[in-house]
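Read through the structure below, which is laid out as structure tokens, and then see the notes.
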């Protein structure tokens, strides 16, 4: 016992007089030396070693979650996370055009699989691919940084700030396809840099892109665009949204005229009918140099009721003249089972529906009724012949949200086309979709 006291006093003196020797590793060596020389009994040695050895910190386990939001793996300190998710849209329908017989068709509209998450807390990423149509296409491929208070930065292929409906995920809109004006005039996904930010009732975004574009805008050289949104009222299940956007796009050249470079373009879209075998509505423009597009948007949500509308105007700058194209749309939604759509003012985006009584929880899901009207006007010129192309569309839809992940949709479409180069056309379609999102 006396040897233990003496040794303890010696060790204590070393702790006081030599901070360097107070390190755990050095103390452990000293205690081992005293024990080896017989100055400490085995019991005393064990007690001293237990006293100077720090307790192993308990490491929180990494978390793995599998639910309606996908497979999520997160590190114990939340500095790293990855989410694996996907989307499947399978469509069936019948379409009748005045100039042809009734046709039935089936197609996989979307078959997406991807991963997203963050590394080192503030760095985000997303990689998503679409395997529909017997081919593989990249949808989102980007990295981002959110370490600043006032601005988020995104670099890569992602959605540019243009239009409310275009920025709403396809799994969250009320009908099977986005409106014709949104498909024709929004900037869509581009490969570029965007800066975004927002507050409690507003959001802003600006972006620039190079070299890549949608099929409707073949081979753009570069583009820049911005969007602002404001929510004068946003509380509980009642939201009022207002927004404005604009973008400029310059096109790659294929020929020159008077020393300037131009390109011939084709604007086209399946008018809100996913099973259509060809682009029913299209317009060609010769010698285009650039375009400027403006958009206005508004939305109102009050409990189970919601309404949104958008208007676009596009100025086409071509050789020696300017042409204007425009379109607008309005849609109304009503949740028959009382749910309300989500809305986030800090991003200016509308969310989806979560059934109050999902089928997997013993309920019957949620039901939604949707009506939309769209109007588009394109001006064209091909081989010196001008064309004036107009489209009017009515779509009525009924949705059943079986669970948060599963939705079934039925749409009836009525399309009137008036294209100068052709006779008037009318198309009617009945479509159904099964949707799985995780």
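Numbering (our numbering), first residue to last: 892 to 1329. C-beta: ideal position from N, C-alpha, C; glycine also. All figures in this text were calculated on a predicted structure; none of them were measured in a lab.
Compute the Euclidean distance between the alpha carbons of residue i and residue j, then round it to the nearest angstrom.
i            : j            : result
residue 1003 : residue 1020 : 6 angstroms
residue 1192 : residue 1130 : 5 angstroms
residue 1294 : residue 979  : 15 angstroms
residue 983  : residue 1011 : 44 angstroms
residue 1222 : residue 1202 : 12 angstroms
residue 1035 : residue 1319 : 43 angstroms
residue 923  : residue 1007 : 51 angstroms
residue 1093 : residue 1188 : 14 angstroms
residue 1159 : residue 1172 : 6 angstroms
residue 1289 : residue 1138 : 34 angstroms
residue 1315 : residue 1286 : 19 angstroms
residue 1218 : residue 955  : 46 angstroms
residue 1234 : residue 1078 : 22 angstroms
residue 1216 : residue 964  : 47 angstroms
residue 1090 : residue 1236 : 7 angstroms
residue 1281 : residue 1266 : 8 angstroms
residue 1260 : residue 1226 : 6 angstroms
residue 1114 : residue 1268 : 23 angstroms
residue 1056 : residue 985  : 26 angstroms
residue 1322 : residue 1064 : 16 angstroms
residue 1133 : residue 1058 : 14 angstroms
residue 951  : residue 919  : 28 angstroms
residue 1067 : residue 1317 : 20 angstroms
residue 1303 : residue 1086 : 39 angstroms
residue 1253 : residue 1299 : 18 angstroms
Taking residue i as part of the alpha helix (DSSP H), name the residues at either end of that continuous run.
i            : result
residue 1073 : 1071 to 1076
residue 1249 : Neither: residue 1249 is in no alpha helix (DSSP H) and is coded neither H nor E.
residue 965  : Note, residue 965: premise wrong, no alpha helix (DSSP H); beta strand (DSSP E) at 961 to 965.
Thinking residue i and residue j are a contact (beta carbons under 8 angstroms), I'd like their distance in whole angstroms, please.
i            : j            : result
residue 1076 : residue 1157 : Actually they do not touch by this definition, with Cβ atoms about 15 angstroms apart.
residue 1053 : residue 1136 : 5 angstroms
residue 1197 : residue 1175 : Going by Cβ atoms, the distance from residue 1197 to residue 1175 rounds to 37 angstroms, so no, they are not a contact pair.
residue 1120 : residue 1239 : 3 angstroms
residue 1098 : residue 1084 : 7 angstroms
residue 1306 : residue 1284 : 5 angstroms
residue 1165 : residue 998  : 7 angstroms
I need the DSSP call for residue i, collapsed to helix, strand or coil.
i            : result
residue 1089 : strand
residue 1325 : strand
residue 935  : helix
residue 1205 : strand
residue 1061 : coil
residue 1265 : strand
residue 1024 : helix
residue 919  : helix
residue 1210 : coil
residue 1230 : coil
residue 1066 : coil
residue 1163 : coil
residue 1293 : coil
residue 1198 : strand
residue 942  : helix
residue 1320 : strand
Which two residues bound the contiguous beta strand (DSSP E) that contains residue i?
i            : result
residue 1188 : 1172 to 1193
residue 1006 : 994 to 1010
residue 978  : 972 to 988
residue 930  : Residue 930 -> no beta strand (DSSP E), and no H or E assigned at all.
residue 1042 : Counting along the chain, residue 1042 falls outside any beta strand (DSSP E), and DSSP gives it neither H nor E.
residue 1136 : 1129 to 1142
residue 1298 : 1297 to 1310
residue 953  : Counting along the chain, residue 953 falls outside any beta strand (DSSP E), and DSSP gives it neither H nor E.
At a Cβ threshold of 8 angstroms, is residue i touching chain C?
i           : result
residue 922 : The chain inventory of the structure shown lacks chain C, comprising one protein chain alone.
Is residue i a contact residue of the ligand NAP, with contact defined as CB to any heavy atom under 7 angstroms?
i            : result
residue 1100 : Among the components of this structure there are no ligands whatsoever, and the ligand NAP is therefore not found.
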